[in-house]
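Chemist: Just dropping this structure here.
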Amino acid sequence: MSFSMETKNELSRLVSEDYCCQLAELSALIRMSGTIQLAGFQKVNIKIATENAAIARKIFTLLKKCFGIHTELMVKKNKVLKKNNHYMMIINSSAGANDILQKLGILRVDDGQFSIDYSIPHGLVKNRCCKRAYLRGAFLGAGSVSDPEKTYHLEFVTSSEEHSEDLKDLINEFELGAKIVQRKNSYVVYLKEGDQIVDLLNIMGAHTALLNLENIRIVKQVRNNVNRIVNCETANLSKIVNASMRQIENIEYIERTHGFKILPDGLREIAELRLQYKEASLKELGQMLTPPVGKSGVNHRLRKIEKIAEKIRQKEGDVQR
1212 MSFSMETKNE LSRLVSEDYC CQLAELSALI RMSGTIQLAG FQKVNIKIAT
1262 ENAAIARKIF TLLKKCFGIH TELMVKKNKV LKKNNHYMMI INSSAGANDI
1312 LQKLGILRVD DGQFSIDYSI PHGLVKNRCC KRAYLRGAFL GAGSVSDPEK
1362 TYHLEFVTSS EEHSEDLKDL INEFELGAKI VQRKNSYVVY LKEGDQIVDL
1412 LNIMGAHTAL LNLENIRIVK QVRNNVNRIV NCETANLSKI VNASMRQIEN
1462 IEYIERTHGF KILPDGLREI AELRLQYKEA SLKELGQMLT PPVGKSGVNH
1512 RLRKIEKIAE KIRQKEGDVQ R
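Numbering (the working numbering), first residue to last: 1212 to 1532.
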């Protein structure tokens, strides 16, 4: 089961005891996953469809709690391999569809004329708890969250630009920084930062999903830190190996062309040790000297040897490869 599906299943089991929150969540659910059908003069039907059985049960429960409606839940079996079933509920005009849509702030009646109100009704989200409930319903209706193992992305998809702006503003009342992008004929309200998604999951009440995401984030952070350390150590090791090879090449060149007799005692001693202990670190080489010398002292001597080798190459006309 995907992380998004697990999150929706968790939120579907969460039913507020407060009537105001139930209305707000149901309004978002129907607005995001419902369809309004004309059924005659000033009559409409509501058709609600979802592929998630848990969400269908929640809509059924909210309709019963808010409006006392026992709507029929129809299941359409999908015979295609690995495809979900479709769950559908239809609320006819005779069952009070018009009144339901008006109370949910979706249908507006002016002088006997019906029109769809695409804005989020302020009366339904005036309380902070109702704002949370509306966002929960919007996510269940047309939201998704990516697998945090791969990327951080949570989004709501709506067909109305006005509703997308209101939804973005509602999310940003919690200081989350939601943004909007148009995708073909839809408007997508999204979050892309891990911290933002964690906060929104908490706001909606998906605490188990939140903990799972946080655990994944911690593992990824540890993994990234380990990789960073390994890469850093690998890079440092490469530098050390390259420096050692260059030092040995310079020393062997001096020995081959002029011998160590041209080197002062201090340089000759470190040159002989470098050839004898090719894999030793600067610190280890320094401890072998009499008296012992620190890393910077050893490095200083080896740099002097490098300059001597360069002078010989220039004089002999040799080009270092």
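Each residue gets a CB set at the ideal place from its N, CA and C atoms; glycine is no exception.
Just to confirm, is the Cβ distance from Val1336 to Ala1235 under 7 Å?
Modeler: It is a contact, given that the beta carbons lie within the stated cut-off.
Chemist: Distance, Cα to Cα, Thr1282 vs Ile1259?
Modeler: Their backbone Cα atoms lie some 11 Å apart in a straight line.
Chemist: Pull up the distance between the alpha-carbon of Arg1242 and that of Lys1361, whole angstroms please.
Modeler: Cα-Cα distance, rounded: 30 Å.
Chemist: Do Ile1331 and Phe1278 have their beta-carbon atoms positioned less than 7 Å apart in this structure?
Modeler: In this structure, Ile1331 does not lie closer than 7 Å to Phe1278 by Cβ.
Chemist: Specify the secondary structure class of Arg1532 as computed by DSSP and reduced to three states.
Modeler: Reliability of the predicted coordinates at Arg1532 is poor, the pLDDT of 49 falling under 50, and no value is obtained from them.
Chemist: Evaluate Asn1309 with the Cβ neighbour count: other Cβ atoms within 10 Å of its Cβ, from every protein chain shown; 16 or more gives buried, anything less gives exposed.
Modeler: Asn1309 comes out buried.
Chemist: Which residues bound the beta strand (DSSP E) around Ala1260?
Modeler: Run containing Ala1260: 1255–1261, per the beta strand (DSSP E) assignment.
Chemist: Give the C-beta separation of Tyr1398 and Ser1371 to the nearest angstrom, bearing in mind that I take them to be a contact with Cβ-Cβ under 8 Å.
Modeler: At roughly 7 Å, the Cβ-Cβ gap stays under 8 Å, so Tyr1398 and Ser1371 are in contact.
Chemist: Could you spell out the range, first to last residue, of the alpha helix (DSSP H) harbouring Val1409?
Modeler: Looking at the DSSP string, the run of the alpha helix (DSSP H) that includes Val1409 is 1405–1415.
Chemist: From this set, Glu1517, Val1320, Glu1480, Asn1256, which residue's C-alpha is nearest Pro1503's C-alpha?
Modeler: Nearest of Glu1517, Val1320, Glu1480, Asn1256 to Pro1503, Cα basis: Glu1480.
Chemist: Can you check whether the CB of Tyr1401 is closer than 7 Å to the CB of Glu1376?
Modeler: For Glu1376 and Tyr1401, no; Cβs fall outside 7 Å.
Chemist: Considering Cα atoms alone, identify which of Gly1323, Ile1408, Asn1461 is closest to Ser1357.
Modeler: Per the Cα distances, Ile1408.
Chemist: Just the C-alpha distance for Lys1489 and Ile1459, rounded to the nearest angstrom, thanks.
Modeler: Their backbone Cα atoms lie some 8 Å apart in a straight line.
Chemist: Counting only the same chain and skipping the five closest in sequence on each side, list residues whose C-beta sits under 7 Å from that of Thr1246.
Modeler: Correct list, in chain order: Lys1258.
Chemist: Could you tell me if Glu1221 is buried or exposed, where buried requires 16 or more neighbouring beta carbons within 10 angstroms of its beta carbon?
Modeler: Classification for Glu1221: buried.
Chemist: So, with DSSP's three-state summary, where would you put Gln1401?
Modeler: The amino acid at residue 1401 is misidentified as Gln; the sequence shows Tyr. Note: Tyr1401 maps to strand in three-state DSSP.
Chemist: Taking the alpha-carbon positions, what's the Arg1532 to Ser1492 distance?
Modeler: In this prediction, Arg1532 has a pLDDT of 49, which is less than 50 and means its spatial position is unreliable; what the coordinates show is noted afterwards. Computed Cα separation, rounded: 24 Å.
Chemist: Closest to Val1392 by CA distance: which of Thr1369, Glu1384, Leu1412, Ser1305 is it?
Modeler: Minimum Cα distance to Val1392 is reached at Thr1369.
Chemist: Output the boundary residues of the beta strand (DSSP E) element that contains Met1299.
Modeler: Where Met1299 is concerned, the enclosing beta strand (DSSP E) stretches over 1297–1302.
Chemist: From the DSSP output, in three-state form, read off Met1499 for me.
Modeler: Three-state DSSP puts Met1499 in a helix.
Chemist: Using DSSP bridges, identify the partner residues of Leu1448.
Modeler: Leu1448 is not bridged to any residue.
Chemist: Look at the Cβ atom of Lys1403, then the Cβ atom of Tyr1363, and state whether they are nearer than 7 Å.
Modeler: Result yes, Cβ atoms of Lys1403 and Tyr1363 sit closer than 7 Å.
Chemist: Return the CA-CA distance between Ala1353 and Asn1423, expressed in angstroms with no decimal places.
Modeler: Approximately 22 Å between the Cα atoms of the pair.
Chemist: Along the chain, where does the alpha helix (DSSP H) containing Leu1240 start, and where does it finish?
Modeler: Counting along the chain, the alpha helix (DSSP H) containing Leu1240 begins and ends at 1230–1244.
Chemist: Helix or strand or just coil, what does DSSP make of Ile1535?
Modeler: Here the chain has residues from 1212 to 1532 only, and residue 1535 is not among them.
Chemist: Evaluate contact between the stretch 1508–1522 and the stretch 1470–1486, counting only Cβ atoms and requiring at least three cross-stretch pairs below 8 Å.
Modeler: Segments in contact, yes.
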